[in-house]
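In full-length UniProt numbering, the protein residues as written are 1 to 176.
We put the beta carbon where it would ideally sit given N, CA and C, even for glycine.
Beneath this line is the structure, given in structure tokens, with notes to follow.
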Amino acid sequence: RKPGLVAWVISNWNEEHARVRYYRQLKEHLPIDVYGARGLALAEGGLVETVSAYKFYLAFENSQHTDYITEKLWRNAFSASAVPVVLGPRRANYERFIPPDSFIHVDDFPSPRLLATYLKFLDKNKPNYRRYFAWRKKYEVHVTSFWDEHFCKVCETVRAAGNQIKTVRNLASWFE
Numbered sequence: 001r002k003p004g005l006v007a008w009v010i011s012n013w014n015e016e017h018a019r020v021r022y023y024r025q026l027k028e029h030l031p032i033d034v035y036g037a038r039g040l041a042l043a044e045g046g047l048v049e050t051v052s053a054y055k056f057y058l059a060f061e062n063s064q065h066t067d068y069i070t071e072k073l074w075r076n077a078f079s080a081s082a083v084p085v086v087l088g089p090r091r092a093n094y095e096r097f098i099p100p101d102s103f104i105h106v107d108d109f110p111s112p113r114l115l116a117t118y119l120k121f122l123d124k125n126k127p128n129y130r131r132y133f134a135w136r137k138k139y140e141v142h143v144t145s146f147w148d149e150h151f152c153k154v155c156e157t158v159r160a161a162g163n164q165i166k167t168v169r170n171l172a173s174w175f176e
């Protein structure tokens, strides 16, 4: 049982960011506990423990660019067993990396009010809420140790290529 409904941890507060504008509209329709720059204090190293007390986590990115999906999803939401409500790249972009039924995208709703209505519905309907965790029967969350693991992967790839020289003009297509 989770006592909290929606949490958001934010360190880079900018009134011009889409995420702050969306939050301001959403909070008119349901309570959101904010931690960090403009909210409640967060204990050092206590992010996952804090977020795990909530059913939903606002994994709102500060930029909406292809493949820009950060620790807000992986560490803050998935590791804390909170359902991520995402604002970032399009839904299809998220679905390249995570199961489609593992998150809620703000673009799936015509307005923040309707998203709030849906979150309240899930709060009262356990079977529907639990559907967002069914993917965990087949997959597990792997949270990297941030940059060092990624850099090691790049180095391994470069070494494996030997003396090949190759120019990648479209980095996104290289991943496909």
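When the beta-carbon positions are compared, Tyr-54 and Gly-88 stay at least 9 Å from each other.
A residue is called buried once 16 or more other Cβ atoms fall within 10 Å of its Cβ, and Asn-76 is buried on that count. Cβ contact annotation for Phe-103 (same chain, cutoff 6 Å, sequence separation greater than five): Pro-84, Val-86, in chain order. DSSP places Leu-171 within a helical segment (H, G or I) once states are collapsed to three. Each of Thr-50, Lys-124, Val-106, Asp-123 was checked against the Cα of Arg-91, and the nearest Cα belongs to Val-106. Within the same chain, Leu-30 come within 7 Å of Lys-120 by CB-CB distance, once the 5 residues on both sides are set aside. The stretch 109-117 makes no contact with the stretch 55-65; the number of CB pairs closer than 8 Å stays below 3. Taking the Cα positions, Ala-82 is about 12 Å away from Leu-47. Note that the C-beta distance between Thr-50 and Ala-43 is below 9 Å. Of all alpha-carbon atoms in Phe-97, Ala-80, Gly-45, the one lying nearest the alpha-carbon of Tyr-68 is that of Phe-97. Restricting attention to Val-158, Cys-155, Ser-79, the CA atom closest to the CA of Tyr-139 is found in Ser-79. 9 Å or more divides the Cβ of Pro-99 from the Cβ of Trp-74. Around the Cβ of Leu-122, a 10 Å sphere holds 16 or more other Cβ atoms; the residue is buried. Cβ contact annotation for Gly-36 (same chain, cutoff 7 Å, sequence separation greater than five): Val-9, Ile-10, Ser-11, Leu-42, in chain order. In the three-state reduction of the DSSP assignment, Asp-67 falls in the coil class, being assigned neither a helical nor a strand state. Linking Thr-70 to Tyr-129 through their CA atoms gives a straight-line distance of about 24 Å. Cβ neighbours of Tyr-22 within its own chain (closer than 8 Å, five residues either side excluded): Phe-60, Leu-87, Val-106, Pro-112.
Counted as a single uninterrupted DSSP element, the beta strand (DSSP E) harbouring Tyr-35 occupies residues 33-36.
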